[in-house]
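First comes the structure, then the notes that go with it.
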Amino acid sequence: MTAPTVLGDVDIEGVDFALEDHPDIHVVLEKLRDAGSHAIVPFAGVKAILLLTNDLVSAAFKDEDVFPASAVYQMTTGPVLGKTLQCMAGDEHRKNRALVSPSFQRKRVTEMVTPLLEPLAHEIIDRFAAHGSVDLVAEFTTRYPVLLISRLMGLPVQDEATVHRWAHDLFYFPFDPEAAMRASQDFTDFVTPIIAERRRNPGDDLISVLVTEDIEGETLDDEEVLSFLRLLFPAGADTTMLALGNTLSALLTHPDQMELLRSDLDEHAIWAVWEGLRWEPPVGLLPRACPEATSWNGIDIPALTPMVFSINAANRDPAVYPDPHEFDITRRKQAMLSFGRGPHSCAGNWLALAELETALKALLERLPGLRLRDRDDTDATITSQVGVALRGPNALNVEWDL
Ligand code: HEM
């Protein structure tokens with residue numbers, strides 16, 4: 001086989017899959033997928049291959065040899081967050097992943113984290129429950145996951161506002177790289193002495209677990225602990241913030257589903273979370289790269305081709321999900337691809353699910369009759385956030401019965 005050297009013509013004009021949001025992204029993706037399981041699309045002024053079916057996206061995630069995560073993350077998040085799990089491969093990745101994972105296993109989450117979640121959700125709701133209306137994005141979804149990460153790390157409560165600012169600046173890295181670099185450095189300066197203290201005097205918080213974890217003599221050094229902690233803001237907090245916003249947006253714009261959920265929260269909440277993650281995954285279009293020329297699943301891919309794994313198209317693939325555009329909390333399917341797959345799949349999925357279910361229940365219990373103040377409020381529509389990969393609502397202006 002001769003290695004392919006150039007990609008063919010693009011299959012769509014007028015949408016850039018790196019830079020611009022398309023208001024009807026799901027319509028665009030469906031049209032492309034009807035024509036084939038992948039498409040060649042404009043991407044930051046060059047061409048990329050967009051993978052569109054559940055099968056292809058899933059296979060691509062698992063194929064770390066052909067599409068190594070590090071090829072992209074070293075360039076994008078590496079300069080700000082350092083050498084995180086996402087920048088690692090092979091043995092280094094296996095060692096680091098094994099050492100950080102125990103804290104996020106299902107059993108550990110249920111035992112250690114769940115008791116923190118409900119009081120935290122109620123603490124935040126207490127600030128606005130008496131007001132009768134609020135923007136849930138500004139007052140709840142952006143606060144809850146960051147505060148949880150901060151408390152898991154065992155950081156001083158009086159520093160939470162500062163931690164929140166750092167998390168915000170890291171999120172907006174593409175718009176303001178200087179602020180993000182400063183936030184990364186300030187966080188490092190702040191947490192380094194805490195790491196040293198926990199090495200001397202461990203407690204039961206996440207940092208203590210990370211510095212004391214020892215698997216057959218393998219341990220994490222300070223930089224490995226630091227890069228993991230930095231990663232938790234974009235990987236753990238921002239994703240959960242957007243996921244919660246998306247599920248709330250879906251429920252608020254589908255009152256019949258909201259009603260059904262409210263009729264039996266214990267029965268439906270976790271399935272509403274799964275359906276929200278399927279219907280509008282916060283990581284919708286994930287960029288990767290193919291460093292070497294190859295022929296993969298019948299697709300000829302030249303060296304250094306940018307790839308886009310369309311989780312949001314895979315999650316609406318009619319071969320897996322009948323009536324895929326319907327938001328239906330009785331579907332009862334776990335759209336695991338929303339958490340990626342393969343060696344770099346989400347290390348925090350159990351935590352994310354627990355966070356989302358707890359938040360949803362707390363909000364609906366405390367805010368009776370929760371609804372959008374204006375049914376036609378376009379701010380509640382899900383749109384791209386900081387580039388096209390991430391998606392969520394800009395605001396959720398809601399009211400409830402007092
Ligand atoms: C609904 C919320 C979440 C979603 C949708 C989500 C989604 C994802 C996805 C798609 C990936 C794979 C990225 C890739 O292959 O390039 C990933 C990786 C990761 N996630 Fe999550 N995530 C969520 C919450 C969390 C939470 C709460 C944590 C931890 C506190 C977390 C920690 C991580 C880490 C550490 C990785 C990197 C794993 C590695 O490279 O080995 N995530 N996540």
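Residue numbering for the sequence shown is 1 to 402, as defined by the UniProt record's numbering.
Every residue gets a Cβ at the ideal spot worked out from N, C-alpha and C, and that includes glycine.
Coil, strand or helix - residue i by DSSP
| i | result |
| --- | --- |
| R371 | strand |
| C87 | helix |
| V66 | coil |
| W296 | strand |
| H131 | coil |
| P23 | coil |
| T305 | strand |
| F190 | helix |
| P145 | helix |
| F43 | strand |
| A48 | strand |
| T110 | helix |
| S37 | coil |
| G392 | strand |
| E30 | helix |
Contact belief for residue i with residue j at Cβ below 8 Å, rounded distance in angstroms
| i | j | result |
| --- | --- | --- |
| F67 | R288 | 5 Å |
| residue 414 | G276 | An answer regarding residue 414 cannot be provided, because it is not within the stretch 1 to 402 covered by the chain. |
| V273 | E357 | 5 Å |
| V41 | L50 | 5 Å |
| V386 | F17 | Not a contact, Cβ separation roughly 15 Å. |
Rounded separation between residue i and residue j - CA only
| i | j | result |
| --- | --- | --- |
| S103 | D65 | 28 Å |
| D176 | A183 | 11 Å |
| D189 | D323 | 50 Å |
| F339 | H268 | 21 Å |
| residue 412 | D222 | The structure shown does not extend to residue 412, since the chain spans only 1 to 402, so no value can be given for it. |
| S310 | F327 | 19 Å |
| P23 | R199 | 49 Å |
| residue 405 | E197 | Not covered by the structure: residue 405. The range shown for the chain is 1 to 402. |
| F43 | A314 | 19 Å |
| V137 | W166 | 18 Å |
| M258 | F173 | 35 Å |
| D256 | I25 | 24 Å |
| G154 | K62 | 34 Å |
| S208 | S295 | 46 Å |
| A129 | L367 | 7 Å |
| F228 | L85 | 7 Å |
| E92 | I124 | 39 Å |
| N335 | C346 | Here residue 335 is Ala; the residue named in the question, Asn, does not match the sequence. A335 and C346: Cα-Cα distance of roughly 13 Å. |
| Q107 | T114 | Just to set this straight, residue 107 is Lys in the shown sequence, not Gln. So the alpha carbons of these two residues sit roughly 10 Å apart. |
| D11 | M88 | 33 Å |
| I215 | L99 | 7 Å |
| A359 | T110 | 15 Å |
| H164 | N297 | 43 Å |
Interface flag, residue i vs chain B, CB-CB below 8 Å
| i | result |
| --- | --- |
| M336 | Although the question refers to chain B, the structure presented lacks it and comprises just one protein chain. |
Problem - Three-pair Cβ contact test at 8 Å for the stretch 373 to 382 versus the stretch 114 to 130 - result: no
Exercise for the section: Determine contact between the stretch 133 to 150 and the stretch 232 to 249, defined as no fewer than three beta-carbon pairs at a distance below 8 Å. Expected result: yes
Problem - Cβ contact (3+ pairs, closer than 8 Å) linking the stretch 387 to 401 and the stretch 366 to 375 - result: yes
Problem - the stretch 285 to 303 contacting the stretch 3 to 20, beta-carbon criterion three pairs below 8 Å - result: yes
Problem - Three-pair Cβ contact test at 8 Å for the stretch 76 to 94 versus the stretch 224 to 234 - result: yes
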